[in-house]
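To keep things clear, I will list the structure first and then write my remarks on it.
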């Protein structure tokens with residue numbers, strides 16, 4: 001790497017202190033060697049300060065499980081839903097501004113915007129092969145679900161039948177079915193767009209999760225209930241009770257045996273899915289738990305809240321590892337990359353934040 005013979009400006013190296021990154025270590029080592037070779041002790045001392053800043057960063061990072069690496073701006077409303085594409089290359093976001101944006105996960109650049117939604121977007125989901133994007137529209141009477149080809153932005157289906165706001169959409173891991181929830185859940189064949197069955201509820205459906213084998217659909221509702229269903233037949237299987245507030249968020253462990261629920265009562269419950277028993281109750285948020293996500297290795301749980309924080313938990317033990325702050329509004333949605341290295345958060349502050357997950 002070429003080293004400039006003269007660095008312009010007043011104390012440019014001093015200014016670099018606020019911008020230094022761990023990745024700059026190799027370049028700074030070359031600067032040290034250069035200034036030592038020309039006996040420029042003043043500049044050498046400044047470079048030493050940069051080197052110390054890197055050491056400080058390394059020490060700080062070693063004690064963190066996650067840290068922020070980017071903030072994405074471009075939406076003009078509440079960011080309600082975020083997804084990381086299966087290949088880990090892009091972030092897909094849905095917003096109350098009626099637009100879906102696709103971002104480069106590394107650069108933060110907007111790759112494309114998908115418009116054409118008649119109302120506010122409440123939820124999005126991407127199929128496991130990365131081909132299909134489902135979008136839930138919450139505006140009544142225009143509540144519907146649109147299915148797009150993610151790569152091209154081509155509209156595939158517009159699914160109608162909900163007469164209440166669509167709060168959540170979810171695609172089964174095998175990509176066969178799409179579930180959309182309002183005051184009831186409609187199950188659709190994703191490829192064909194035809195309705196398979198309807199799951200009836202007595203209250204608003206806020207969250208849906210589907211087991212990895214696709215045999216059980218779990219719904220969380222505003223009447224504080226968690227219901228288990230057969231998504232192929234619409235048969236109700238059982239009901240879990242335990243939260244004292246609306247069930248706002250659900251996630252299923254990759255092993256298909258553990259269910260995570262987040263509630264307006266500020267708690268997170270960890271359930272044995274087959275037994276219906278609460279294994280742990282995690283407390284730490286000071287507001288409603290609005291979103292939860294599990295790392296694909298099953299070791300880490302993350303949660304977001306209207307207290308504007310994200311919490312990182314050790315899932316096997318239930319230990320709180322770290323609280324991430326930075327959003328200025330409710331954290332509405334969280335996603336974790338397939339390699340367990342990146343967290344993405346969407347907020348009512350109109351931003352998306354990207355975090356590096358360092359836990360091994």
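Numbering (the UniProt record's numbering), first residue to last: 1 to 360.
Heads up, the beta-carbon is just placed ideally off N, CA and C, and yes, glycines get one too.
Please report how far the alpha carbon of residue 366 lies from the alpha carbon of residue 115, in whole angstroms. With the chain covering 1 to 360 only, the question about residue 366 has no answer from this structure.
Could you tell me which residues DSSP puts in a beta bridge with residue 154? Per DSSP, the beta-bridge partners of residue 154 are 149.
So which of 295, 346, 298 has the shortest CA-CA distance to residue 309? Of 295, 346, 298, the residue nearest in Cα terms is 346.
Taking C-alpha atoms, which residue in 352, 334, 325 lies nearest to residue 67? Ranking 352, 334, 325 by Cα distance to residue 67 puts 325 first.
What's the C-alpha gap between residue 159 and residue 208? Whole-angstrom Cα-Cα distance: 18 Å.
Could you tell me the alpha carbon to alpha carbon distance between residue 61 and residue 317, rounded to whole angstroms? Annotation note: pLDDT 47 at residue 61 (below 50); position unreliable, coordinate value reported separately. Cα to Cα, residue 61 sits roughly 22 Å from residue 317.
Got a sec? Which residues, its chain only, sit under 8 Å from residue 19 by beta carbon, not counting five neighbours each side? Note that residue 19 has pLDDT 43, beneath the 50 cutoff, so the model's placement of it is unreliable and the number below is only indicative. Hits under 8 Å: none found.
With a threshold of 8 Å on Cβ separation, who are the neighbours of residue 353 within its own chain once the five nearest residues in sequence on each side are excluded? Result list for residue 353: 68, 70, 71, 72, 326, 327, 344, 345, 347, in chain order.
If we ignore side chains and look at the alpha-carbon of each, how far apart do residue 228 and residue 166 end up? CA-CA distance, residue 228 to residue 166, rounds to 19 Å.
Can you tell me whether DSSP reads residue 163 as helix, strand or coil? If DSSP states are grouped into helix, strand and coil, residue 163 belongs with coil.
Simplified DSSP assignment, three categories, for residue 46: Collapsing the DSSP output to three states places residue 46 in a helix.
Is residue 321 closer than 8 Å to residue 65 when the C-beta atoms are compared? Yes, the Cβ-Cβ distance between residue 65 and residue 321 is below 8 Å.
CB contact flag (residue 168, residue 230, <8 Å): Cβ distance not < 8 Å, so residue 168 and residue 230 don't count as in contact.
Please go through the segment 100-127 and give each complete beta strand (DSSP E) segment of 3 or more residues, from N-terminal end onward. Listed in chain order, they are 100-104, 110-114, 121-126.
Whole-angstrom C-beta distance between residue 108 and residue 100, which should lie under 8 Å: Between residue 100 and residue 108 a beta carbon distance of about 16 Å is seen, past the 8 Å cut, so the two are scored as non-contacting.
What does a CB cutoff of less than 6 Å around residue 162 pick up in its chain, not counting 5 residues either side in sequence? Hits under 6 Å: 143, 182.
State buried or exposed for residue 106, treating a residue as buried only when at least 16 other CB atoms are found within 10 Å of its CB. By the Cβ-count criterion, residue 106 is exposed, with fewer than 16 other Cβ atoms from all chains shown falling within 10 Å of its own Cβ.
Would a C-beta distance cut-off of 8 Å place residue 323 and residue 288 closer than the cut-off? Contact flag unset, no.
Using a 10 Å radius around the Cβ and a threshold of 16 neighbouring Cβ atoms, would you call residue 250 buried or exposed? Residue 250 should be labelled buried.
Identify every residue that forms a DSSP beta bridge with residue 241. Residue 241 pairs with 225.
Return helix, strand or coil for residue 29, following the three-state DSSP convention. Annotated three-state conformation of residue 29 is helix, per DSSP.
Residue 89: first and last residue of the uninterrupted beta strand (DSSP E) it sits in: Premise fails: residue 89 is in no beta strand (DSSP E) and is neither H nor E.
If you drop the 5 nearest sequence neighbours on each side, which residues of the same chain put their C-beta closer than 6 Å to that of residue 281? Within its own chain, the residues whose Cβ lies closer than 6 Å to the Cβ of residue 281, once the five positions on either side in sequence are excluded, are 267, 269, listed in chain order.
If you check the beta carbons only, do residue 247 and residue 277 fall under 8 Å apart? Not closer than 8 Å, so no.
Find the nearest neighbour of residue 257 within the set 216, 241, 263, judged by alpha-carbon distance. The option with the nearest alpha carbon to residue 257 is 216.
From what residue to what residue does the beta strand (DSSP E) around residue 304 run? Element bounds for residue 304: 300-305.
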